[in-house]
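Participant:
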Amino acid sequence: MKKRGFGIGCMSYGIGNTGLPNPAGAFVDFLDDGTVIVLTGCADIGQGSSTILAQIAAETLGVAFEDVVVVAGDTGVTPDAGATSASRQTYISGNAVFEAARKARQEVIAGAAAVLGVPPEEINLKNGRVWHGEEPTSLSIKEVISKCRSEGILTLGHGWFNPATTRLDPATGQGIPYATYAFATQVAEVEVDTETGIVEVKRIVAAHDVGRAINPQNVEGQIESGCSMGIGYALLEEVVVKEGEIQNPAFSTYLMPTAMDVPEVYPIIVEELEPTGPYGAKGVGEPALVPTAAAITNAVADALGLRFYDLPLTPERVVAEIKKSREKKEDDGQ
Amino acid sequence: MIEKNIVGQSVPKVDAFGKVTGQTRYAADLDIAGALHLKVLRSKVAHGLVKKIDTSRALKIPGVTAVFTHADIPGSNSYGIIVKDQPVLTNKVRFKGDAIALVAAEEESIAVKALDAIAVEIEELPPLFDIQAAMAAGAPAIHDNGNVLTVTKIKRGNVEAALDQAAAVVSRRYTTQRVEHGYIETEAGIAYMENDMLIIKAGTQNPHYDRRDAARVLGLPINKVRVIQTATGGGFGGKLDISVQCFLGLAALKLGRPVKIVYDRQESFVATAKRHPFIVDYTSVAAADGRLLAVKARIFGDTGAYASYGPATLTRAAVHATGPYEVPNVDLEAFCVYTNNSFSGAMRGFGTPQIAFVFESQMDLLARELKMSPLEIRRRNVLRPGSITATGQELTSSVGIAKTLEAAWARALEVMPGLGGDCR
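Residue numbers (this note's numbering), protein chains in the order written: chain A, 1 to 334; chain B, 1 to 424.
(1) Work out the CA separation of residue 48/A and residue 13/B for me, nearest whole Å.
(2) Return helix, strand or coil for residue 197/B, following the three-state DSSP convention.
(3) Is residue 139/A closer than 8 Å to residue 115/A when the C-beta atoms are compared?
(4) Ignore the nearest five residues each way along the sequence and tell me which others in residue 110/A's own chain have a CB closer than 7 Å to its CB.
(5) Using the rule of at least 16 other Cβ atoms within 10 Å of the residue's Cβ for burial, across every protein chain shown, is residue 23/B buried or exposed?
(6) Taking the DSSP output, what are the residues bridged to residue 76/B?
(7) Taking Cβ-Cβ distances below 8 Å as the criterion, which residues of the region 210-231 of chain A are in contact with chain B?
(8) In terms of DSSP beta bridges, what is residue 229/B paired with?
(9) At 3 residues or longer, and completely inside the region 124-173 of chain A: list those beta strand (DSSP E) runs for me, N to C.
(10) With 16 as the cutoff for other CB atoms within 10 Å, does residue 324/B come out buried or exposed?
(11) Residues in the same chain with beta-carbon distance under 8 Å from residue 265/B, minus the five sequence neighbours each way, listed in chain order, please.
(12) State the DSSP-derived secondary structure class of residue 267/A, mapped to helix, strand or coil.
(13) Does any residue of chain A have a CB that is nearer than 8 Å to the CB of residue 340/B?
(14) So, with DSSP's three-state summary, where would you put residue 297/B?
(15) Does DSSP classify residue 361/B as helix, strand or coil?
(16) Does the ligand PLP have a heavy atom nearer than 7 Å to the CB of residue 17/B?
(17) Any beta carbon of chain B sitting closer than 8 Å to that of residue 335/A?
(18) Between 34/B, 219/B and 203/B, which has its C-alpha nearest residue 72/B's C-alpha?
(19) Measuring alpha carbon to alpha carbon, tell me which residue in 253/A, 175/A, 231/A and 144/A is nearest residue 198/A.
(20) Kindly list, in the order they appear in chain B, the residues whose Cβ is closer than 7 Å to that of residue 196/A.
(21) Please check the pair residue 177/B and residue 291/A, which I expect to be a contact at CB under 8 Å, by giving their CB distance rounded to whole angstroms.
(22) For chain B, find out if any of its Cβ atoms is closer than 8 Å to the Cβ of residue 193/A; answer yes or no.
(23) Answer yes or no: does any C-beta atom of chain B fall closer than 8 Å to that of residue 203/A?
(24) With distances taken Cα to Cα, identify the nearest neighbour of residue 20/B among 29/A, 8/A, 46/A and 11/A.
(25) Consider the Cβ of residue 422/B: report whether some Cβ of chain A lies at a distance smaller than 8 Å.
(26) Pull up the distance between the alpha-carbon of residue 169/B and that of residue 366/B, whole angstroms please.
(27) Under 8 Å, Cβ to Cβ, is there at least one residue of chain A near residue 2/B?
(28) Please identify the residue among 183/A, 56/A, 296/A and 233/A whose C-alpha is closest to the C-alpha of residue 203/A.
(29) Between the region 329-348 of chain B and the region 235-251 of chain A, can you find at least three pairs of beta-carbon atoms closer than 8 Å?
(30) Label residue 41/A either buried or exposed according to how many other C-beta atoms from any shown protein chain fall within 10 Å of its C-beta, with 16 as the threshold for buried.
(31) Who are the Cβ neighbours of residue 422/B in its own chain at under 6 Å, not counting the five residues just before and after it?
(32) Just to confirm, is the Cβ distance from residue 11/A to residue 356/B under 8 Å?
(33) Taking C-beta to C-beta, are residue 359/B and residue 307/B nearer than 8 Å?
(34) Roughly how many angstroms separate the alpha carbons of residue 27/A and residue 56/B, rounded to a whole number?
(35) At what residues does the alpha helix (DSSP H) containing residue 208/B begin and finish?
(36) Rank 111/B, 399/B, 5/B and 77/B by C-alpha distance to the C-alpha of residue 270/A and give the top, closest one.
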């Protein structure tokens, strides 16, 4: 028999290292053809940080995204940005790049203000041009940088950011472990085959508060990938160890979800802006996965009226629990 | 007011084109003329003292350039992001997979052959494969300071007093499994000397940390080691630790020749961190209206042979043990425990997927006890601006949990036809 069930999983996730300083630095060099180099220690491991940091730099400097090159993760030339972990790089390296770009921007604005003879606070940079208030001027950013260089002024910026945290008291754990938190709710629908014990995830709705989504498609990609990883965690994956030896050190015996196991995921981006984040951003890397197994196991409990206290919910385990519960019912004379 | 027109736009990722067209070169794709190939001899014994390593037969194999052991480490033979407890090449093995010797050879196949020709004498010690055995009084110490590496405590209010006002109390034990990250790209890298500068190129999540510990192990000033991150095919926390970096640095520095190493999938499974398996004893206390009054939890994480990110994982699990809910009284303790299993470290979420499985199961159990829907009990408890967390932090802004709950539920009602009504 196939039974359907629905489950909710909620979570909060502190962005950055727990109760410890974890700063990131960045350099921005605004070049005389109007292009930009960002130097950051932030390792892009496929999650998209170099893209996000380029967007933050481009936005801040008023140039096209395509005009920004991010050089990342080379200790010979880039400043320390800490680890790509703890869902911290958009918030922390994002702030470092924002600060570095802001300083380079100030140099350009000062140069433009001198040319135009207006106060710097009335000047903006946008689309490669200098704007006076709401109006574009005839002056390009490129021209201003060339002028700065001719006067011996380099349009460079260095920025760093360390989230405002405090160490946790060793006896009571009281303190401020994180400067900001991401939040999420996922709802999973499952179908459980009571004969085979196979749990099929039919749909997942995943609503994530990430602060400002710097790149919404990338946020959705993170959410969808997190859900697929969560399906593996809930239902399939287990490193089997016997006497300290891993029994399944291969993808033929260590089962992970494939495209056949991952259903439609409905991502929802909730943007509760973080005042201390770059353009209000927080993070999403880990939160994407955190509540998925919880939502799935709650959905299985809903489907079967049986709760599982041990992960993963393999078919063997599901069948064994169903059998145990039937036997118990018979013993109770039901 | 300038329109924010790049932030908020779904521009294509800067690395997308190279990856989808197959042009991106990962560490294993990097070839360097004259490079020696490295292989690691790993322990088949879980716990023991290395008494003797005889490399003489291996060194006689044509094409074998060098075999390194713990005696060859020029600096401090220990690394680790939080605790420096992991040797590059060890004289005490702590898990099946611990690195004992490093071979450099002209061909990869010769290096593999040399591994079989190294004779290692190990005096076995009693192994500890579970947390209870490792925590027991009188258990053999895997590291000098005993087997309980860290204990994180979070205490607030009075849990016992809260029990007096309870309408529902749910206590359960949960367990979670050990998990592999399963990134597509296994660990790999190359290294070479550029004058007196050591260059290490490897897939990593943490190049500046890699530089610090490579310099420490090799006895070099930090500015004489340059770590360059290669295009990295996933990490999920598993590439935060040192894996190949110190092996590469040691061989390149000692031999003055370029070197290369690539883990196969089996070595990647055996030699690198896993997600911590947890045992959690958890008690939730709620009032008749569903409001959480207290949470007590004891969390045990098996960090295996080495600390890696274990202390951070257990601390984060404790800090997040009450979930996105306001709980006035908490008594939380998390134990990070050494065993002779393969080591556990960072993996996407740092202990929070484990603890979310626990606290969210508990929320549903409480809801059932109180004859309330899972949705409603969450609505009544979620953090809001002004809420105080388990660590006593007042949340002032950007607290979107209630919005995600309502948004997810509304969308679920649209796309999940079977869902509906307050009974859920």
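Where a beta carbon is used, it is the ideal one built from N, C-alpha and C, also for glycine.
Facilitator: Inspection of the coordinates gives the following:
(1) 6 Å
(2) Residue 197/B sits in a strand when the DSSP states are folded into three classes.
(3) yes
(4) Around residue 110/A: 120.
(5) exposed
(6) Bridge partners of residue 76/B: none, in fact.
(7) 211, 212, 213, 214, 215, 216, 217, 218, 226, 229 and 230
(8) Beta bridge pairing from DSSP links residue 229/B with 202/B.
(9) 129-132, 135-140 and 156-161
(10) buried
(11) 186
(12) Correct three-state label for residue 267/A: strand.
(13) yes
(14) Here residue 297/B sits in strand by DSSP.
(15) Collapsing the DSSP output to three states places residue 361/B in a helix.
(16) You won't find the ligand PLP in this model; it holds no ligand whatsoever.
(17) The requested residue 335/A does not occur in the structure, where chain A is confined to residues 1 to 334.
(18) Taking each of 34/B, 219/B and 203/B in turn and checking the Cα distance to residue 72/B, the smallest one comes out for 219/B.
(19) When only C-alpha atoms are compared, the closest one is 231/A.
(20) Result: empty, since nearest Cβ-Cβ is about 21 Å, beyond 7 Å.
(21) With a Cβ gap of about 18 Å, residue 177/B and residue 291/A do not count as contacting.
(22) no
(23) yes
(24) When only C-alpha atoms are compared, the closest one is 46/A.
(25) The predicted model places residue 422/B with a pLDDT of 48, which falls under 50 and marks its position as unreliable, so this point remains unresolved.
(26) Their Cα atoms are separated by approximately 7 Å.
(27) Because residue 2/B carries a pLDDT of 45, less than 50, the predicted location of this residue cannot be relied on, and the following value inherits that uncertainty. Closer than 8 Å to some Cβ of chain A, the Cβ of residue 2/B qualifies, so yes.
(28) Taking only the C-alpha atoms, the option nearest residue 203/A is 296/A.
(29) yes
(30) buried
(31) Annotation note: pLDDT 48 at residue 422/B (below 50); position unreliable, coordinate value reported separately. Contacts found: 373.
(32) The beta carbons of residue 11/A and residue 356/B sit closer together than 8 Å.
(33) no
(34) 51 Å
(35) 207-218
(36) 399/B
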